[in-house]
Amino acid sequence: MQKCQFICPSTVSEGIETISRINEDVLFISGGTDLVIKLQGGQVKPAWLMDISLLPELKFIKEDDGRIRIGSGATFAQISESDLVREKARCLSQAASQVGSAQIRNRATLGGNIANASPAGDSLPALLVLEAWVSVIGPQGFRRVPFAQLQAGGDVGLQGKELITEIDFPVWEPQGNVQILSVFGKVGSRTAVSIARLNMAAMLEFDAENQRILNSRWAVGALGRTPFRLEELEREIQGKRINSVLAQEIADHLTGVVDQAIPGRASQEYKRQAIRGLAYDLLEDLFPLKLG
Ligand SMILES: Cc1cc2nc3c(=O)[nH]c(=O)nc-3n(C[C@H](O)[C@H](O)[C@H](O)COP(=O)(O)OP(=O)(O)OC[C@H]3O[C@@H](n4cnc5c(N)ncnc54)[C@H](O)[C@@H]3O)c2cc1C
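Quick note: the sequence shown uses this note's numbering, first residue 304, plus one each step.
So, in structure tokens, the structure goes:
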């Protein structure tokens, strides 16, 4: 591992002020679960490392004015243990609890998962269906952007020396017969510390009286450069009654999504089967005993 200078600010503003005076590249280190491996392997060789893991102002989880706000330094252990996230954003709670092992969840942060931008990052499909926004600050100032745009990259993507400070998303509240349902699932290899081979999240408004899906948002990961929303599926199932016929329609649609995303890839056949199994797992979690 190449030697580098190490900075440990006591506040975000002190950190940003420090890096705006540095003319070399600076990388933030939070949980270190992705970065340390890259540093050790020589894949990244920053001149400076800024430790943000001890900044208390990045570690909150709270509800504020109809939105859940999560500091980028919140670990997946904190997120999976949060009653607020479990009650109001179950898909993110489930995603957090399925990241790696207990040791990884104790260190790995939501901000690190976003910045690392793995196609298989487990929080990312959940953030897409929650329609999350991301706040970032850097030497050029502060901005708040939809997560979907940030992950698409380009000018709106995370720029060098930009620190993710916060992730926020609206709370969907149930009303009368309309329930809010949310779920996350993944397919990985057998070990507890595996990266997902496929992951998927969904948020639904469900009319419990008529057993119909009013609106839904679905997103899938590990099928392309970045996770993506399944807007065609969302339109196709709008207003439909939940039963085994609809479950099959959803599984068939998702098989088509795999065919479009990775045609001819060695993993195509495996993922065609895997996504069907994942769809049934998610639907059974959402609608126990209703698919028969
Ligand atoms: C054994 C193992 C198992 C894993 N299993 C999973 C899994 O099941 N699911 C999954 O999604 N991931 C998994 N990961 C990957 C990793 O744990 C996650 O991506 C984690 O969320 C990264 O967070 P971190 O705080 O450790 O990031 P770090 O390693 O500290 O940083 C990662 C990158 O993000 C940047 N960064 C960190 N925080 C910020 C910030 N606030 N603002 C801007 N840039 C920032 C860093 O500069 C670096 O480039 C696994 C990793 C290992 C080693």
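Note that CB positions come from ideal geometry on N, CA and C, so glycine has one too.
- Shell residues, 5 Å Cβ cut-off relative to heavy atoms of ligand 1: 330, 331, 332, 333, 334, 335, 336, 337, 338, 375, 402, 403, 407, 411, 412, 414, 415, 416, 418, 419, 424, 425, 466, 467, 496
- Query: Taking C-alpha atoms, which residue in 314, 531, 422 lies nearest to residue 560?
  - Reply: 531
- Determine the closest residue to residue 384 out of 376, 396, 413, with distance taken between C-alpha atoms. 396
- Query: Should residue 502 go down as buried or exposed, given a rule of 16 or more other Cβ atoms within 10 Å for buried?
  - Reply: buried
- Message: Applying the 10 Å Cβ sphere with the 16-neighbour rule, what's the burial state of residue 569?
- Response: exposed
- What is the DSSP secondary structure of residue 515, reduced to helix, strand or coil? strand
- Of the residues 472, 584, 573, the one placed nearest residue 391, counting alpha carbons only: 472
- Query: If residue 333 and residue 374 are in contact, beta carbons under 8 Å, what's the gap, nearest whole angstrom?
  - Reply: In fact, because the Cβ distance is near 11 Å, the residues do not count as touching under 8 Å.
- Alpha carbon to alpha carbon, how far is residue 322 from residue 308? 12 Å
- Item | Cβ neighbours of residue 455 in the same chain (closer than 8 Å, five flanking residues each side left out) | 529
- Task: Please determine, among 401, 394, 453, the residue with the shortest C-alpha to C-alpha distance to residue 420.
- Result: 453
- Query: What number of angstroms, rounded off, separates the C-alpha of residue 489 from the C-alpha of residue 550?
  - Reply: 18 Å
- Query: Helix, strand or coil for residue 448 per DSSP?
  - Reply: strand
- Message: Quick check: what's the CA-CA separation for residue 432 versus residue 425?
- Response: 13 Å
- Message: So the candidates are 451, 479, 442; which of them puts its Cα closest to the Cα of residue 463?
- Response: 442
- Message: DSSP three-state label for residue 322, please.
- Response: helix
- Tell me, to the nearest whole angstrom, how far the beta carbon of residue 348 is from that of residue 305; I am working on the premise that it is less than 8 Å. 5 Å
- Status (buried if at least 16 other CB within 10 Å, exposed otherwise) for residue 445: exposed
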